[in-house]
Amino acid sequence: MTTIISSKRSFFFPEIVATCLIAVVAIGAVPLVGSDYLMDAVLTPFLALALAAVGLNLLTGYAGQVSLGSAAFLAVGAYAAYNFSLRLPALPLLLDLVLAGTIAAAVGIMFGLPSLRLRGFYLAVSTLAAQFFVQWALTKFGWFSNDNPSGVIDAPVLRIGSVTFTSAAGRYLFSLGVVTVATLLTLRLLRSQTGRNFIAVRDHEVAAKVIGVPVLRTKLLAFGLSSFLIGVAGVLWAFAYLRTVEPAGFNLDRSFQILFIIIIGGLASLRGAFVGAAFIVVFPLLLSRVGAALLGSLFDSGVLEMSQRIVIGTLIITFLIAEPRGLIALWDRGWARLRAASGKAIET
Amino acid sequence: MFDYQFLLEVLIGGLLSGVMYSLVAIGFVLIYKTSGVLNFAQGAMLLFAALTFVSLVERGTSFVVALAATLAVMIALGIAVERAVLRPLVNQPPITLFMATLGLSYIIEGAAQLLWGTQVHGLDIGVSDIPFDVGGVFISRFDLFAAAVAGSLVALFTLFFRYTRTGLSFRAVADDQFAALAVGLRLPRVWAAVWTAAGIVALVAGLLWGARLGVQFSLSLVVLKALPVLVLGGFDSIAGAIVGGLLIGATEKLAEVYVGPLFGGGIEAWAAYVVALALLLVRPSGLFGQKLVERV
Chain A
434 MTTIISSKRS FFFPEIVATC LIAVVAIGAV PLVGSDYLMD AVLTPFLALA
484 LAAVGLNLLT GYAGQVSLGS AAFLAVGAYA AYNFSLRLPA LPLLLDLVLA
534 GTIAAAVGIM FGLPSLRLRG FYLAVSTLAA QFFVQWALTK FGWFSNDNPS
584 GVIDAPVLRI GSVTFTSAAG RYLFSLGVVT VATLLTLRLL RSQTGRNFIA
634 VRDHEVAAKV IGVPVLRTKL LAFGLSSFLI GVAGVLWAFA YLRTVEPAGF
684 NLDRSFQILF IIIIGGLASL RGAFVGAAFI VVFPLLLSRV GAALLGSLFD
734 SGVLEMSQRI VIGTLIITFL IAEPRGLIAL WDRGWARLRA ASGKAIET
Chain X
146 MFDYQFLLEV LIGGLLSGVM YSLVAIGFVL IYKTSGVLNF AQGAMLLFAA
196 LTFVSLVERG TSFVVALAAT LAVMIALGIA VERAVLRPLV NQPPITLFMA
246 TLGLSYIIEG AAQLLWGTQV HGLDIGVSDI PFDVGGVFIS RFDLFAAAVA
296 GSLVALFTLF FRYTRTGLSF RAVADDQFAA LAVGLRLPRV WAAVWTAAGI
346 VALVAGLLWG ARLGVQFSLS LVVLKALPVL VLGGFDSIAG AIVGGLLIGA
396 TEKLAEVYVG PLFGGGIEAW AAYVVALALL LVRPSGLFGQ KLVERV
C-alpha cells in the first residue's frame with residue numbers, strides 16, 4: 434500500500450484551506466446551526482466510532498494484526514472510566530479518560546500476547562477470546578458496574594474544571610476535542626520510526642526481523658496503542674453518546690462494525706477511518722428513510738434490519754473486489770482528477 | 146467422596162456434544178484446505194440450510210422432497226458464491242477473502258431471515274432424546290445419533306478424497322494451487338465443488354443443531370463454538386476437527402461442572418478459547434495443522 438505524495442501543489446484548493454474549512458464548520462457552524470438530533474444521533478456516534486476505527490486501523494491496517502475483539506476494548510474503556518469517576522471522584526474527567534485508555538491498553542497487551550506466536554487466522558480467532566471474556570466478566574462481576582443487576586452503567590456528567598458538557602452540542606464538542614487530539618497524536622506516531630516499524634511488520638514479518646525491527650515489541654505496542662484509542666472511544670461512546678450502556682451493547686456485531694468501517698473506509702488510512710465511520714453511521718439512517726418511502730408500511734423494523742445486513746454484506750464484498758483500498762482511494766482518485774482538470778483550465 | 150460415575154457422565158456428554166462441534170468444524174476445514182480461506186459464513190450457511198428445510202416442511206412438503214430441495218439450494222449457493230465472490234477475488238491475500246466471507250455471512254443471514262422470517266421453528270428429525278442407561282451412566286440417544294452421522298460423514302469424505310477424481314483434485318488443489326493449475330485442473334470448478342460440499346455439511350450440521358436448539362438466528366452463532374475446535378485441531382485437518390471437537394466438548398463440560406462454580410458459572414462462552422489458546426502457545430498451528438515454512 435503505497436501513498437504517492439505529489440511534490441507539486443496545485444493552486445486549485447490548497448489542503449490547508451480545506452482543513453481550516455472543516456475546522457470552522459465542525460467547531461463553529463455545526464453547534465450553532467445543527468439540530469440536537471444531528472449532533473446527538475449522528476455526529477457524536479460518528480466521532481466515537483471514527484476514533485475506534487483509527488485505533489483498529491493502527492493495529493489491522495498498519496501493523497497487519499487482524500482483531501475481532503474491538504468491542505471488548507470499547508467496553509473496557511467505558512467501564513474503567515465509569516469506575517474511576519465513581520470511586521475516585523477527585524480525579525478530573527480528562528485524567529479518567531487517559532487512565533481508562535491505559536487500562537484498555539493493558540488488557541489489549543494481555544490479549545495481544547498470543548500474537549507473538551500466532552498469525553493470520555489463528556490470531557484472529559484468538560482475539561475473539563477477548564470479546565467473550567470481557568463481556569462475560571462485566572456481566573458476571575457486579576463490582577464493575579457498581580452492583581447493577583444487569584451490568585448497566587450510567588454516565589457521570591462530563592465536566593472539565595467548572596465547564597459542563599451536558600447539552601447535545603456540548604457533548605459533541607467534547608467528543609470533537611478528544612477525537613481531534615487523539616487523531617493528531619496518532620498521525621504523529623505513524624510518521625515516526627514506530628509507525629514505520631508497524632508497516633514493516635505488516636508487510637513482511639521475517640524481513641522486518643532481519644533488518645532489525647523489534648518485532649515482538651512492535652506487535653505488543655500496536656496492540657497496546659490500538660486498545661488505548663479504542664478504550665478512549667469507548668468512553669466517548671458510553672459517556673457522550675449513549676450515556677447508559679450495558680455489556681451486551683459491546684457484542685461481536687459491534688466489533689464487526691468497526692472492522693467494516695476500516696474495510697469500507699480504507700485500510701491503513703486515518704482519513705479512511707473517518708470516511709468509513711461516517712458511512713456506517715449515515716447509511717442505516719438513509720436506508721430506513723428510503724425504505725419507508727418506497728415500501729411504506731411493508732418496511733418494518735425487522736425487514737429494515739435484515740435488508741441492512743444484506744446491503745452491508747454486499748457492500749463489503751463489492752469494496753473488496755472493486756476497490757480494496759476503500760472509499761478513501763475513490764475519494765483521492767476523484768480529487769486528483771478534479772485537480773488535473775482544474776490545472777489544465779488554469780494553463781489554457 | 147468424589148463421584149466418578151458423575152464424572153464419567155459429564156465426560157461422555159461432553160465428548161458427544163464435541164461431535165456436534167466437529168460437524169460444524171468439518172465444513173470450515175473443507176474450504177480452508179482447498180482454498181486457504183477461513184469461511185466465516187459457514188454458520189450462516191448452516192442457518193440458511195436449516196431454515197429453508199424447516200420452512201418447507203412447515204409448508205407441507207414431505208421430508209424427502211424438502212431435503213432434496215434444500216440440497217439443491219445449497220448446491221446453487223455454492224456455485225453462486227464461487228461465481229460472485231471467489232472468482233473476482235482470486236490471488237488476493239487470505240485475509241481479504243476472510244473479510245469477504247464475513248460480508249457473505251451478513252448477506253446469507255439477512256436473506257435467510259428476510260425470506261423465511263425470524264421466528265423460532267421447532268425441528269423434529271424423528272430421533273427421540275430418551276437417554277440410554279449404560280451401567281448407571283445416562284447417554285443421550287440423540288447425541289449418539291449425531292455421533293453416528295458425524296462418523297459416517299467423515300468416512301464418506303475419506304473415501305471420496307481417496308477414490309474419486311473430484312476428491313483427488315480437491316487434494317491436489319489443497320497441496321499446491323499452481324501445480325494443480327499446471328496439470329490442468331480447473332480451479333473455479335474445484336472451488337464450486339468444495340463450497341457445495343461445505344454446503345452439504347452445513348445442511349447436515351444445521352439439521353442436527355436445529356433439532357437440538359430450535360431453528361433460529363442463534364444457530365449461526367454455532368460458528369463461534371467451532372472456531373476454538375478449528376484452532377485446536379489445525380485449520381486444515383479433518384482428523385484435527387474431530388479430535389479438536391472431542392477435546393473442546395469434553396473440557397468445556399468438565400470446566401463448566403468443576404471449575405465454573407468457582408467463577409459463578411457461565412464460563413462456557415470462553416473456556417473453549419482459553420483451552421485452544423493455551424495449546425496454541427505450545428503448537429502455533431494446532432495439533433494437526435501444517436507447519437508454516439517462512440522465507441524472506
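Chains as they are written, first to last, in my numbering: chain A, 434 to 781; chain X, 146 to 441.
Backbone N, C-alpha and C fix where the C-beta goes; we use that ideal spot for every residue, glycine too.
Which residues in the same chain as residue i place their Cβ atom closer than 6 Å to its Cβ, once the five residues preceding and following it in sequence are excluded?
i          : result
Ser-162(X) : Gly-394
Ser-803(A) : Lying outside 434 to 781, the shown extent of chain A, residue 803(A) is not represented and no answer is given.
Ala-514(A) : Asp-529, Ala-533, Val-668
Gly-181(X) : Pro-239
Val-349(X) : none
Gly-378(X) : Gly-385, Ala-386, Val-388, Gly-389, Gly-431, Leu-432, Phe-433
Phe-683(A) : Ala-504, Leu-507, Ala-508
Phe-598(A) : Leu-591, Arg-604, Phe-607
Ser-518(A) : Asp-529, Pro-589
Looking only at its chain, what residues have a beta carbon closer than 8 Å to the beta carbon of residue i, apart from the 5 residues adjacent to it on each side?
i          : result
Ile-224(X) : Ala-337, Trp-340, Thr-341
Gly-662(A) : It should be pointed out that residue 662(A) corresponds to Leu in this sequence rather than to Gly. Within the same chain, Leu-662(A) has close Cβ partners Leu-484, Ala-485, Val-487, Gly-488, Leu-491, Gly-534, Ala-615, Thr-619.
Asp-321(X) : none
Leu-289(X) : Leu-161, Phe-277
Gly-280(X) : none
Leu-201(X) : Val-210, Ala-211, Ala-214, Thr-215
Ala-773(A) : none
Under the three-state reduction of DSSP, which class applies to residue i: helix, strand or coil?
i          : result
Val-282(X) : strand
Asp-381(X) : coil
Ile-644(A) : coil
Ile-460(A) : helix
Arg-624(A) : coil
Ile-745(A) : helix
Asp-686(A) : helix
Asp-587(A) : strand
Val-427(X) : helix
Val-678(A) : strand
Arg-635(A) : helix
Ile-542(A) : helix
Val-328(X) : coil
Arg-592(A) : strand
Val-388(X) : helix
Val-360(X) : strand
Thr-599(A) : coil
Phe-563(A) : The sequence shown places Ala at residue 563(A), not Phe. Ala-563(A) falls in the helix class under three-state DSSP.
Asn-490(A) : helix
Hey, residue i and residue j are a contact pair by Cβ (cut 8 Å); roughly how many whole angstroms apart?
i          : j          : result
Leu-501(A) : Ser-688(A) : 5 Å
Ala-481(A) : Tyr-674(A) : 6 Å
Ala-136(X) : Thr-396(X) : Past the boundaries of the shown model lies residue 136(X); chain X is included only from 146 to 441, so the question cannot be answered.
Glu-254(X) : Ser-365(X) : 6 Å
Ala-496(A) : Arg-635(A) : 6 Å
Tyr-418(X) : Ala-562(A) : 4 Å
Ile-252(X) : Ile-383(X) : Not a contact, Cβ separation roughly 27 Å.
Who are the near neighbours of residue i in its chain, counting only those whose CB is closer than 7 Å to its CB and skipping five residues on each side?
i          : result
Leu-242(X) : Val-182, Leu-234
Glu-227(X) : Pro-333, Trp-336, Ala-337, Trp-340
Val-648(A) : Val-634, Glu-638, Ala-641, Lys-642
Leu-556(A) : Gln-498, Val-499, Pro-547, Ser-548
For residue i, would you say it is in contact with chain D, using Cβ-to-Cβ distances shorter than 8 Å as the test?
i          : result
Leu-649(A) : This model lacks chain D altogether, as its protein chains are A and X.
Is the closest heavy atom of the ligand FAD to the C-beta of residue i under 7 Å?
i          : result
Glu-638(A) : You won't find the ligand FAD in this model; it holds no ligand whatsoever.
TODO: Using a Cβ-Cβ cut-off of less than 9 Å, list which residues of the segment 715-739 of chain A approach chain X; keep chain order.
DONE: Gly-735, Val-736, Glu-738, Met-739
Task: Members of the segment 388-405 of chain X that neighbour chain A once the beta carbon cut-off is set at 8 Å - done: none
Task: Whole runs of the alpha helix (DSSP H) within the segment 230-284 of chain X, excluding any shorter than 4 residues - done: 239-261
TODO: Output, in sequence order along the chain, the residues in the segment 740-757 of chain A whose CB is closer than 9 Å to any CB in chain X.
DONE: Ser-740, Gln-741, Arg-742, Ile-743, Val-744, Ile-745, Gly-746, Thr-747, Leu-748, Ile-749, Ile-750, Thr-751, Phe-752, Leu-753, Ile-754, Ala-755, Pro-757
Task: Contained beta strand (DSSP E) runs [length at least 3] in the segment 156-182 of chain X, N- to C-terminal order - done: none
Task: Cβ-based contacts, 9 Å cut-off: residues of the segment 228-244 of chain X near chain A - done: Ala-229, Val-230, Pro-233, Leu-234, Gln-237, Pro-239, Ile-240, Thr-241, Leu-242, Phe-243, Met-244
TODO: Could you please tell me which residues of the segment 305-336 of chain X, in chain order, have their CB closer than 8 Å to any CB of chain A?
DONE: none
Open item on the list: What are the residues in the segment 485-517 of chain A lying within 7 Å of chain X by C-beta distance?
Closed with: Val-499
- [ ] Taking a Cβ distance cut-off of 9 Å, strictly less, list which residues of the segment 693-718 of chain A are near chain X, in chain order.
- [x] Phe-693, Ile-696
Task: Whole runs of the alpha helix (DSSP H) within the segment 187-220 of chain X, excluding any shorter than 4 residues - done: 187-203
Open item on the list: Along the segment 553-566 of chain A, where does the CB come closer than 8 Å to a CB of chain X? Name the residues.
Closed with: Gly-553, Phe-554, Tyr-555, Ala-557, Val-558, Ser-559, Leu-561, Ala-562, Phe-565, Phe-566
Open item on the list: Against chain X, which members of the segment 539-553 of chain A pass a CB distance test of less than 7 Å?
Closed with: Pro-547, Arg-550, Leu-551, Gly-553
Task: Residues in the segment 569-587 of chain A having any Cβ partner in chain X nearer than 7 Å - done: Trp-569, Lys-573
TODO: With 8 Å as the C-beta to C-beta threshold (strictly closer), list the residues of the segment 370-384 of chain X near chain A in chain order.
DONE: Leu-372, Pro-373, Leu-375, Val-376, Phe-380
TODO: Could you name the residues of the segment 253-276 of chain X whose beta carbon sits closer than 7 Å to any beta carbon of chain A, in the order they occur along the chain?
DONE: Glu-254, Gly-255, Ala-256, Gln-258, Leu-259, Thr-263
Open item on the list: Which residues of the segment 668-691 of chain A have a Cβ closer than 7 Å to any Cβ of chain X? Give them in chain order.
Closed with: Phe-689
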